[in-house]
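Visitor: Structure in structure tokens, see below.
Protein chains: 4
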Amino acid sequence: MTGRPRDPAVDDAIRQATLELVADQGYRGVSMEGIAARSGVSKQAVYRRYSSKGEVILDALAAYARTRLPNPDTGDLREDLLTLLEETFAAQRGVPGALNQALAAEALQDADFARRVTETLIRSRRAAVGEILDRARSRGEVTYPDNDILIDLVFGPMWYGLVFDATKLTDAYAAELATAVTTLATSPPN
Amino acid sequence: MTGRPRDPAVDDAIRQATLELVADQGYRGVSMEGIAARSGVSKQAVYRRYSSKGEVILDALAAYARTRLPNPDTGDLREDLLTLLEETFAAQRGVPGALNQALAAEALQDADFARRVTETLIRSRRAAVGEILDRARSRGEVTYPDNDILIDLVFGPMWYGLVFDATKLTDAYAAELATAVTTLATSPPN
Amino acid sequence: MTGRPRDPAVDDAIRQATLELVADQGYRGVSMEGIAARSGVSKQAVYRRYSSKGEVILDALAAYARTRLPNPDTGDLREDLLTLLEETFAAQRGVPGALNQALAAEALQDADFARRVTETLIRSRRAAVGEILDRARSRGEVTYPDNDILIDLVFGPMWYGLVFDATKLTDAYAAELATAVTTLATSPPN
Amino acid sequence: MTGRPRDPAVDDAIRQATLELVADQGYRGVSMEGIAARSGVSKQAVYRRYSSKGEVILDALAAYARTRLPNPDTGDLREDLLTLLEETFAAQRGVPGALNQALAAEALQDADFARRVTETLIRSRRAAVGEILDRARSRGEVTYPDNDILIDLVFGPMWYGLVFDATKLTDAYAAELATAVTTLATSPPN
DNA sequence: TGCTAAACGAGACGGTACGTCAGGTCTTACT
DNA sequence: AGTAAGACCTGACGTACCGTCTCGTTTAGCA
Numbered sequence: 001m002t003g004r005p006r007d008p009a010v011d012d013a014i015r016q017a018t019l020e021l022v023a024d025q026g027y028r029g030v031s032m033e034g035i036a037a038r039s040g041v042s043k044q045a046v047y048r049r050y051s052s053k054g055e056v057i058l059d060a061l062a063a064y065a066r067t068r069l070p071n072p073d074t075g076d077l078r079e080d081l082l083t084l085l086e087e088t089f090a091a092q093r094g095v096p097g098a099l100n101q102a103l104a105a106e107a108l109q110d111a112d113f114a115r116r117v118t119e120t121l122i123r124s125r126r127a128a129v130g131e132i133l134d135r136a137r138s139r140g141e142v143t144y145p146d147n148d149i150l151i152d153l154v155f156g157p158m159w160y161g162l163v164f165d166a167t168k169l170t171d172a173y174a175a176e177l178a179t180a181v182t183t184l185a186t187s188p189p190n
Numbered sequence: 001m002t003g004r005p006r007d008p009a010v011d012d013a014i015r016q017a018t019l020e021l022v023a024d025q026g027y028r029g030v031s032m033e034g035i036a037a038r039s040g041v042s043k044q045a046v047y048r049r050y051s052s053k054g055e056v057i058l059d060a061l062a063a064y065a066r067t068r069l070p071n072p073d074t075g076d077l078r079e080d081l082l083t084l085l086e087e088t089f090a091a092q093r094g095v096p097g098a099l100n101q102a103l104a105a106e107a108l109q110d111a112d113f114a115r116r117v118t119e120t121l122i123r124s125r126r127a128a129v130g131e132i133l134d135r136a137r138s139r140g141e142v143t144y145p146d147n148d149i150l151i152d153l154v155f156g157p158m159w160y161g162l163v164f165d166a167t168k169l170t171d172a173y174a175a176e177l178a179t180a181v182t183t184l185a186t187s188p189p190n
Numbered sequence: 001m002t003g004r005p006r007d008p009a010v011d012d013a014i015r016q017a018t019l020e021l022v023a024d025q026g027y028r029g030v031s032m033e034g035i036a037a038r039s040g041v042s043k044q045a046v047y048r049r050y051s052s053k054g055e056v057i058l059d060a061l062a063a064y065a066r067t068r069l070p071n072p073d074t075g076d077l078r079e080d081l082l083t084l085l086e087e088t089f090a091a092q093r094g095v096p097g098a099l100n101q102a103l104a105a106e107a108l109q110d111a112d113f114a115r116r117v118t119e120t121l122i123r124s125r126r127a128a129v130g131e132i133l134d135r136a137r138s139r140g141e142v143t144y145p146d147n148d149i150l151i152d153l154v155f156g157p158m159w160y161g162l163v164f165d166a167t168k169l170t171d172a173y174a175a176e177l178a179t180a181v182t183t184l185a186t187s188p189p190n
Numbered sequence: 001m002t003g004r005p006r007d008p009a010v011d012d013a014i015r016q017a018t019l020e021l022v023a024d025q026g027y028r029g030v031s032m033e034g035i036a037a038r039s040g041v042s043k044q045a046v047y048r049r050y051s052s053k054g055e056v057i058l059d060a061l062a063a064y065a066r067t068r069l070p071n072p073d074t075g076d077l078r079e080d081l082l083t084l085l086e087e088t089f090a091a092q093r094g095v096p097g098a099l100n101q102a103l104a105a106e107a108l109q110d111a112d113f114a115r116r117v118t119e120t121l122i123r124s125r126r127a128a129v130g131e132i133l134d135r136a137r138s139r140g141e142v143t144y145p146d147n148d149i150l151i152d153l154v155f156g157p158m159w160y161g162l163v164f165d166a167t168k169l170t171d172a173y174a175a176e177l178a179t180a181v182t183t184l185a186t187s188p189p190n
């Protein structure tokens with residue numbers, strides 16, 4: 001039942017090759033064939049681990065996310081949001097951005113995959129913002145009743161940017177967005 | 001000297017086949033090969049008109065957009081936004097939604113195409129919201145200084161939804177979003 | 001120094017699976033992978049015993065041949081040849097025929113293997129005919145000077161048939177061939 | 001209805017590459033992939049013309065055969081047979097021999113293909129010998145009643161040799177075989 | 001020139017078979 | 001009892017083909 005254990009070096013090589021390919025050529029340049037070739041690994045070895053291109057990308061991205069999920073707690077809502085957005089946007093301007101674009105491209109082609117992504121990645125990112133809001137709410141900062149819509153307002157523009165113009169995601173834009181969301185969240189109830 | 005004029009029936013057949021394919025099978029089911037086959041037209045005839053799959057989709061979508069760009073003017077900001085969002089979301093749940101998803105998928109794979117889409121489609125949609133805001137501003141309703149970020153907050157969540165879960169774009173969600181943006185736009189300056 | 005002895009049940013399972021596969025699906029259906037799978041034995045266990053597919057087949061066939069090498073001695077050349085050909089052809093219409101075809105296919109792809117087959121199988125089959133001829137020669141029946149060519153005329157048509165049309169190898173054909181070879185062998189010298 | 005005509009240069013390149021591969025590496029070295037690669041042609045172009053490896057080889061061989069089917073007519077049976085056998089064996093020692101081996105290997109794996117080969121190649125080769133025999137028969141040389149078995153005795157040993165030892169097919173062997181078959185064909189009826 | 005039909009090179013797709021190798025477990029014989 | 005050799009199973013691995021597909025281009029001929 002045991003058999004030869006999977007070679008961790010192979011796992012790493014696949015992930016590494018995926019990162020390189022996405023970074024170099026974007027989603028268009030990524031193929032199962034190409035990943036295998038670049039990583040010096042057989043196609044079998046790739047397909048044994050992942051059933052599709054999307055899974056490879058999702059896993060590569062998850063590996064990133066595992067190491068650094070920002071969860072600032074400065075005691076000030078706007079500051080927290082700003083920190084999170086700046087860090088997140090900074091990442092989106094690099095390799096993780098390309099990975100996210102690839103992920104989105106896959107999700108657009110496969111509803112099932114989209115659901116998997118939501119459950120794997122999106123949920124935890126949303127939870128991070130949720131916690132920031134909840135903390136601020138317990139401090140009495142937040143008056144807006146609905147967390148969900150606030151979270152959509154935080155991430156929606158990011159994906160909008162990723163799809164059509166990733167260069168938009170600057171620190172300045174993070175500041176504007178943080179201000180807007182904070183303003184809304186703390187607006188006096190009518 | 002001019003030669004045989006292009007057959008408009010061919011144009012229509014291509015557009016029609018594109019719509020059908022997107023409607024039936026989503027972006028994954030769309031290919032230049034398939035469009036030609038379904039429309040009963042040669043591949044050459046397609047490539048003579050469009051340089052890529054993206055262009056076909058963009059054109060098919062532009063044809064839609066030309067006919068119905070909502071620009072409500074009820075005299076009330078929230079009402080205007082709500083109307084626009086409801087109409088837009090309704091469309092996104094149908095064929096234009098699938099087209100937009102296809103468009104996004106293409107844009108994610110080709111930065112140049114993304115720019116073209118921005119200039120062709122996105123700009124005019126944003127302008128529509130900009131006009132709504134400007135009218136409200138001239139009525140004294142809007143206090144928030146920055147139109148751009150408000151527009152991002154209107155459209156960002158829509159694309160976010162299109163990528164990961166199109167069913168999210170309900171009338172109820174339109175209402176929540178309209179409320180949120182209106183609240184922010186009309187929040188008292190500090 | 002000694003280690004665990006090889007399990008004879010494994011030997012049997014391999015041979016049995018090989019026979020079944022050849023019988024069911026012919027040479028095309030035979031693969032080392034398949035033999036291992038069908039016999040419920042690991043690939044290692046097969047490769048430990050045989051270095052190639054050809055060796056497996058050769059061994060399976062040798063097991064057959066060991067049990068029944070016809071060597072009729074009726075006191076009449078034609079009768080002897082007829083008996084031998086009928087028995088041989090009868091076998092060729094069954095599993096041993098499929099094995100011989102597989103053997104030929106391997107031999108055609110590997111000259112070394114062809115030589116091994118010649119030394120293992122072909123030589124003894126030829127010897128059997130050689131003895132029939134020698135006995136007839138000692139009775140004064142055979143006048144033709146060259147045994148080798150006579151033996152080629154006995155077996156050549158069989159392989160010709162195995163390659164292109166195994167159904168040809170009927171009793172009637174055995175009779176015609178026995179007659180022809182006998183006629184030649186006993187033809188008056190000029 | 002017309003479409004672009006097939007490029008004859010592609011046909012030639014495929015045939016040429018096939019010949020080279022068979023000559024260099026034998027049947028084992030021949031693959032559809034390899035043929036395409038060596039000929040500098042796409043796999044599609046090969047599959048468009050031939051449904052299998054066997055068809056490629058059959059066609060390459062047919063092209064050979066078309067140019068030189070020996071049909072000697074010296075007025076003497078043995079002389080005719082000898083000429084035909086010498087020429088045929090000479091060819092078998094070269095590229096056509098390797099092609100014939102490849103053909104046989106395919107035929108052994110696919111009964112349908114074997115039938116096709118029989119109808120395409122084998123039949124005409126047998127007919128050539130049949131004509132020689134018929135001419136001799138009309139001269140009163142041949143007394144043996146059955147052409148078919150005589151033809152089997154001519155070709156059987158050749159295929160026997162091709163399968164297990166192609167070096168056997170020398171001029172000396174051709175002479176022995178010609179003598180044997182002539183002797184049988186002209187043996188006095190009993 | 002527009003248009004259809006089909007060929008073409010390129011290369012990804014998902015899969016199979018080859019022969020090898022790495023981790024375990026189990027069986028024998030020699031200490 | 002302890003140890004070492006080797007059989008054996010499971011399953012991973014790189015290599016090489018398989019036959020199919022789509023892409024974007026090209027070539028011929030009809031309208």
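Residue numbers (UniProt numbering), protein chains in the order written: chain A, 1 to 190; chain B, 1 to 190; chain C, 1 to 190; chain D, 1 to 190.
Ideal Cβ positions, reconstructed from N, Cα and C, are used throughout, including at glycine.
Please check if any C-beta of chain D sits within less than 8 Å of the C-beta of residue 109 of chain C.
Guide: It does: the Cβ of residue 109 of chain C has a partner Cβ on chain D nearer than 8 Å.
Visitor: Go to residue 188 of chain B, then tell me how far its alpha helix (DSSP H) extends in each direction, as first and last residue.
Guide: Here residue 188 of chain B belongs to no alpha helix (DSSP H), and DSSP marks it neither H nor E.
Visitor: Please report the straight-line C-alpha distance between residue 160 of chain A and residue 45 of chain B, rounded to a whole angstrom.
Guide: Near 34 Å, if we compare the C-alpha coordinates of residue 45 of chain B and residue 160 of chain A.
Visitor: Quick one: does residue 152 of chain D have its CB under 8 Å from some CB of chain C?
Guide: So yes, residue 152 of chain D belongs to the interface.
Visitor: Assess, as a yes-or-no matter, whether the region 126–133 of chain A is touched by the region 144–154 of chain A under the definition of 3 or more beta carbon pairs within less than 8 Å.
Guide: With a cut-off of 8 Å, the region 126–133 of chain A and the region 144–154 of chain A count as touching, because enough Cβ pairs lie within range.
Visitor: What is the DSSP secondary structure of residue 169 of chain C, reduced to helix, strand or coil?
Guide: The answer is coil: DSSP assigns residue 169 of chain C none of H, G, I, E or B.
Visitor: If I follow the unbroken alpha helix (DSSP H) through residue 88 of chain D, where does it start and stop?
Guide: Unbroken alpha helix (DSSP H) run through residue 88 of chain D: 77–92.
Visitor: By Cβ distance below 7 Å, which residues in the same chain neighbour residue 187 of chain D in space, the five residues on each side in sequence not counted?
Guide: Around residue 187 of chain D: 143, 144.
Visitor: Smallest Cα separation from residue 163 of chain D: which of C/84, C/105, C/29, C/185?
Guide: When each option's Cα is compared against that of residue 163 of chain D, the closest is C/105.
Visitor: Between the C-alpha atoms of residue 40 of chain C and residue 22 of chain C, what's the straight-line distance to the nearest angstrom?
Guide: Cα to Cα, residue 40 of chain C sits roughly 17 Å from residue 22 of chain C.
Visitor: Exposed or buried, which one is residue 53 of chain A when buried takes at least 16 other CB atoms within 10 Å?
Guide: Label assigned to residue 53 of chain A: buried.
Visitor: Among D/81, D/98, D/123, which one has its Cα closest to the Cα of residue 20 of chain D?
Guide: That would be D/98, whose Cα lies nearest to the Cα of residue 20 of chain D.
Visitor: Mind checking which residues open and close the alpha helix (DSSP H) that includes residue 100 of chain D?
Guide: From DSSP, the alpha helix (DSSP H) with residue 100 of chain D extends over 95–109.
Visitor: Quick one, are the C-beta atoms of residue 81 of chain B and residue 141 of chain B less than 8 Å apart?
Guide: The answer is no: Cβ separation not under 8 Å.
Visitor: Taking Cβ-Cβ distances below 7 Å as the criterion, which residues of the region 74–100 of chain A are in contact with chain B?
Guide: For the region 74–100 of chain A, which is checked against every Cβ of chain B, not one residue is closer than 7 Å.
Visitor: Are residue 165 of chain A and residue 118 of chain B close, meaning C-beta to C-beta below 8 Å?
Guide: Cβ atoms of residue 165 of chain A and residue 118 of chain B: closer than 8 Å.
Visitor: Report the three-state DSSP secondary structure of residue 121 of chain D (helix, strand or coil).
Guide: In the structure shown, residue 121 of chain D sits in a helix (DSSP, three-state: H, G or I).
Visitor: Which chain B residues are close to residue 116 of chain A, counting only those with a beta carbon under 8 Å from its beta carbon?
Guide: By Cβ distance, chain B contributes nothing, its closest Cβ being about 10 Å from residue 116 of chain A, past 8 Å.
Visitor: Check the Cβ of residue 104 of chain D against every Cβ in chain C and list those closer than 9 Å, keeping chain order.
Guide: Within 9 Å Cβ-Cβ: 104, 105, 108, 163, 164.
Visitor: Let me know the secondary structure DSSP gives residue 144 of chain A once reduced to three states.
Guide: If DSSP states are grouped into helix, strand and coil, residue 144 of chain A belongs with coil.
Visitor: Count the other CB atoms, across all protein chains shown, that sit within 10 Å of the CB of residue 1 of chain B; report buried if there are 16 or more and exposed otherwise.
Guide: The predicted position of residue 1 of chain B is uncertain, since its pLDDT is 41 and thus under 50; no value can be drawn from it.
Visitor: 8 Å is my cut-off, CB to CB: does residue 128 of chain D come that close to chain C?
Guide: Answer no: the Cβ-Cβ gap between residue 128 of chain D and chain C never drops below 8 Å.
Visitor: With respect to the alpha helix (DSSP H) encompassing residue 39 of chain C, which residues constitute its N-terminal and C-terminal limits?
Guide: Segment 32–39, the alpha helix (DSSP H) holding residue 39 of chain C.
Visitor: Does chain C have any CB closer than 8 Å to the CB of residue 70 of chain D?
Guide: No, its Cβ sits nowhere closer than 8 Å to a Cβ of chain C.
Visitor: What did DSSP end up calling residue 11 of chain B once you bin it into helix, strand or coil?
Guide: Helix at residue 11 of chain B.
Visitor: I'd like the span of the alpha helix (DSSP H) that includes residue 48 of chain D, first residue to last.
Guide: Element bounds for residue 48 of chain D: 43–49.
Visitor: Would you mind telling me which residues of chain C sit closer than 7 Å to residue 146 of chain D, beta carbon to beta carbon, in chain order?
Guide: The contacting residues are 176.
Visitor: Is it the case that the Cβ atoms of residue 15 of chain C and residue 63 of chain C are separated by a distance below 8 Å?
Guide: Yes.
Visitor: Assuming residue 33 of chain C and residue 174 of chain C form a contact by the criterion Cβ under 8 Å, report the distance between their Cβ atoms to the nearest whole angstrom.
Guide: About 38 Å separates the two Cβ atoms, so there is no contact after all.
Visitor: Along the alpha helix (DSSP H) that carries residue 73 of chain C, what are the first and last residues, could you check?
Guide: Careful: residue 73 of chain C lies outside any alpha helix (DSSP H) and carries neither H nor E.
Visitor: Could you tell me the alpha carbon to alpha carbon distance between residue 29 of chain D and residue 168 of chain D, rounded to whole angstroms?
Guide: Computed Cα separation, rounded: 23 Å.
Visitor: Taking the straight line between their C-alpha atoms, what separation do you get for residue 147 of chain A and residue 74 of chain A?
Guide: If you take the alpha carbons of residue 147 of chain A and residue 74 of chain A, they lie about 19 Å apart.
Visitor: Ordered along the chain, which non-local residues of its own chain (more than five positions away) have a Cβ less than 8 Å from that of residue 103 of chain A?
Guide: Same-chain partners within the cutoff: 54, 57, 58, 61, 117, 121.
Visitor: Any idea what DSSP makes of residue 1 of chain B, helix, strand or coil?
Guide: At residue 1 of chain B the pLDDT is 41, less than 50, meaning the model places this residue with poor confidence and gives no usable figure here.
Visitor: Under the three-state reduction of DSSP, which class applies to residue 6 of chain C: helix, strand or coil?
Guide: Residue 6 of chain C falls in the coil class under three-state DSSP.
Visitor: According to the neighbour-count rule (16 or more other Cβ atoms, all chains shown, within 10 Å of its Cβ), is residue 180 of chain D buried or exposed?
Guide: Residue 180 of chain D is buried by the Cβ-count criterion.
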